[in-house]
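Everything below concerns the one structure shown next.
Residue numbers (my numbering): 27 to 109.
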């Protein structure tokens, strides 16, 4: 799985949501990896791609509604479009 695959899947999933809605990075990994449980191995890569997109101001990464680093520990994050 390439970073481009992940980026494409992030924006495809967000395009199917209502405006302002967010998604969990695990939804991206699960959509790309069909094998049961194997999606967990891809989570670091998904988070890194999300962080890169956030640094480019193309994606918003939040925890509890506040912007955060997608690769930093601290709990679940959400991915959304930049308003």
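No residue lacks a Cβ here, since even glycine has one placed at the ideal position from N, Cα and C.
I need the straight-line Cα distance from residue i to residue j, nearest angstrom please.
i          : j           : result
residue 61 : residue 54  : 14 Å
residue 71 : residue 65  : 11 Å
residue 48 : residue 27  : 22 Å
residue 33 : residue 100 : 23 Å
residue 46 : residue 31  : 23 Å
residue 93 : residue 102 : 12 Å
Which same chain residues end up closer than 8 Å to residue i when comparing Cβ atoms and leaving out the 5 residues on each side of it in sequence?
i           : result
residue 56  : 65
residue 78  : 29
residue 104 : 48, 49, 50, 87, 88, 89
residue 83  : 108
residue 43  : 49
residue 85  : 36, 76, 79, 105, 106, 107, 108
Give a yes or no on whether the C-beta atoms belonging to residue i and residue j are separated by under 7 Å.
i          : j           : result
residue 87 : residue 98  : no
residue 96 : residue 68  : no
residue 40 : residue 107 : yes
Can you list, in chain order, the residues of its chain whose CB lies under 7 Å from that of residue i, leaving out five sequence neighbours each side?
i          : result
residue 35 : 54, 57, 58
Excluding five sequence neighbours on each side, which residues of the same chain lie with their C-beta closer than 6 Å to the C-beta of residue i?
i          : result
residue 52 : none
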